[in-house]
Amino acid sequence: MNDKKDIVENWLPRYTGMQLEEFGRWVILTNFSNYVSNFSVLMDTPIRGVDKPMQCATSNNITIINFSMGSPMAATIMDLLTAVMPKGILFLGKTGSVKEYINVGDYLLPIAAIRGEGTSNDYFPMEVPALPAFNMQKAISASIRDYGRDYWTGTVYTTNRRVWEHDSRFKEYLKKIRCTAVDMETATLLSVGFYNRIPTGALLLVSDQPMISDGVKTEKSDRVVTEKYSIEHLKIGIDALNQLINKGIEVKHLKFDYYE
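Following the working numbering, the numbering of the sequence shown begins with 16 at its first residue and continues without gaps.
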């Protein structure tokens with residue numbers, strides 16, 4: 016256990032309950048256990064790691080993993096996945112809309128994420144932007160339109176702070192930086208994916224409108240969102256990856272400008 020490779024090859028099975036050779040070449044990340052359950056049903060495949068920190072399932076060369084919540088766990092799974100070096104990673108997360116005209120149930124295809132979480136500072140200076148892989152976002156866009164849906168684009172602000180909906184100063188800050196939505200994982204996943212040279216994209220489902228008091232997420236409202244939209248969200252993600260798999264498209268462009 017002298018280097019990163021030794022550690023992640025040992026820890027990825029320990030966290031997920033799945034051996035390295037069982038992972039697909041494409042990965043869906045989520046922080047909701049029901050997405051893994053729904054994947055299991057849709058793809059007729061068993062759930063692994065039910066007694067582990069990260070439940071997962073694999074079918075058709077796609078693995079889905081519930082990595083839990085927050086940027087530290089997001090960085091952890093992105094580092095652990097270097098043990099298998101996926102061809103691409105897609106994050107299916109939920110986000111809170113900062114814009115009142117962006118409604119619950121809408122999709123946000125982020126073109127960038129603002130690194131307000133702090134975790135990614137251990138990987139890059141603050142000047143380095145958090146950007147998704149273009150070909151991944153392109154495939155997601157096509158998949159959304161195949162379902163007859165549209166989507167918003169914009170930036171998502173990622174924070175480590177979970178309870179802020181009461182804080183008017185923080186809300187004013189979100190407006191000032193012109194972000195479209197707020198979450199706790201996207202910037203970390205994109206940054207650490209870039210650091211580890213794994214192409215990473217995201218499709219976010221708007222689950223709440225935390226800028227207004229009636230829009231703050233509750234147990235009831237989250238249940239409604241899950242029942243109405245989560246299956247479609249997952250199907251769009253699966254279909255986007257299948258487009259890349261079936262067409263043999265490389266997400267990592269040959270001229271992609273990685274750091275030295």
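For every residue, glycine included, the Cβ atom is placed at its ideal position computed from N, Cα and C.
Practice prompt. Note down, in chain order, each residue of its chain lying with its Cβ closer than 6 Å to the Cβ of E234, except the 5 sequence neighbours on either side.
Written response: Same-chain partners within the cutoff: there are none.
Worksheet item: Out of G216, T78, F82 and E142, which has the shortest C-alpha to C-alpha gap to S48?
Response: Of the candidates G216, T78, F82 and E142, the one whose C-alpha sits nearest the C-alpha of S48 is F82.
Worksheet item: If you draw a straight line from the C-alpha of I43 to the C-alpha of G252, how long is it?
Response: Distance between I43 and G252, taken at the CA atoms: about 8 Å.
Fill in: Check whether I79 and V51 have beta carbons under 7 Å apart
In this structure, V51 lies closer than 7 Å to I79 by Cβ.
Worksheet item: Mapping DSSP to helix, strand and coil, what is L269?
Response: Low per-residue confidence applies at L269: pLDDT is 45, beneath 50, and the placement is therefore not dependable enough to give any value.
Worksheet item: When DSSP labels each residue in this structure, what does P28 get in the three-state scheme?
Response: For P28, the secondary structure class from DSSP, reduced to helix, strand or coil, is helix.
Worksheet entry | Own chain partners of Y259 with C-beta closer than 6 Å, once the 5 adjacent residues on each side are dropped | Note on identity: in this sequence residue 259 is Leu, with Tyr being the wrong assignment. Once the five neighbours on either side are set aside, the close Cβ partners of L259 are A154.
Discussion item. As an exercise, report each continuous beta strand (DSSP E) stretch of at least 3 residues that is fully enclosed by the region 63–143, in chain order.
Written reply: Correct list: 71–74, 77–81, 103–112 and 122–131.
Item to complete: Would you mind reading off the limits of the beta strand (DSSP E) that contains Y172?
Response: Element bounds for Y172: W167 to T174.
Worksheet item: Exposed or buried, A157, counting other C-beta atoms within 10 Å across all chains shown (16 or more means buried)?
Response: So A157 ends up on the exposed side.
Worksheet item: Leaving out five residues before and five after A127 in sequence, what residues of the same chain have Cβ atoms less than 7 Å from its Cβ?
Response: The answer, listed in chain order, is P144, A145, L146 and T170.
Worksheet item: With DSSP run on the structure shown, which of helix, strand or coil describes L146?
Response: For L146, the secondary structure class from DSSP, reduced to helix, strand or coil, is coil.
Worksheet item: By how many angstroms is the C-alpha of Q224 removed from the C-alpha of R164?
Response: When rounded, the separation of the alpha-carbon atoms in R164 and Q224 is 20 Å.
Worksheet item: With contact counted as at least three CB pairs below 8 Å, one residue from each stretch, are the region 238–253 and the region 52–69 in contact?
Response: Touching, yes, given that three or more Cβ pairs across the two stretches are closer than 8 Å.
Fill in: Burial state of L286 (16 or more Cβ within 10 Å)
Residue 286 lies beyond the residue range present for the chain, which begins at 16 and ends at 275; the question has no answer from this structure.
Fill in: Same chain, Cβ closer than 7 Å to Y210, five either side skipped, listed in chain order
Listed in chain order, the non-local C-beta contacts of Y210 below 7 Å within the same chain comprise Y138 and F139, local neighbours out to five positions each way being set aside.
Worksheet item: So, are the CB atoms of V65 and V197 less than 7 Å apart?
Response: Not closer than 7 Å, so no.
Discussion item. If the criterion is Cβ atoms closer than 7 Å, does the pair L105 and L27 meet it?
Written reply: For the 7 Å CB-CB criterion, L105 and L27 do not form a contact.
Practice prompt. For K109, count neighbouring Cβ atoms within 10 angstroms of its own Cβ and tell me buried if that reaches 16, exposed if not.
Written response: So K109 ends up on the buried side.
Discussion item. Buried or exposed, going by whether 16 or more other CB atoms sit within 10 Å of the CB of V178?
Written reply: It is exposed - the Cβ of V178 has fewer than 16 other Cβ atoms within 10 Å.
Item to complete: For K8, I'd like the list of residues in its chain whose CB is within less than 7 Å of its CB, leaving aside the five on either flank, ordered along the chain.
Response: It is not possible to answer for residue 8, since the shown part of the chain is limited to 16 through 275.
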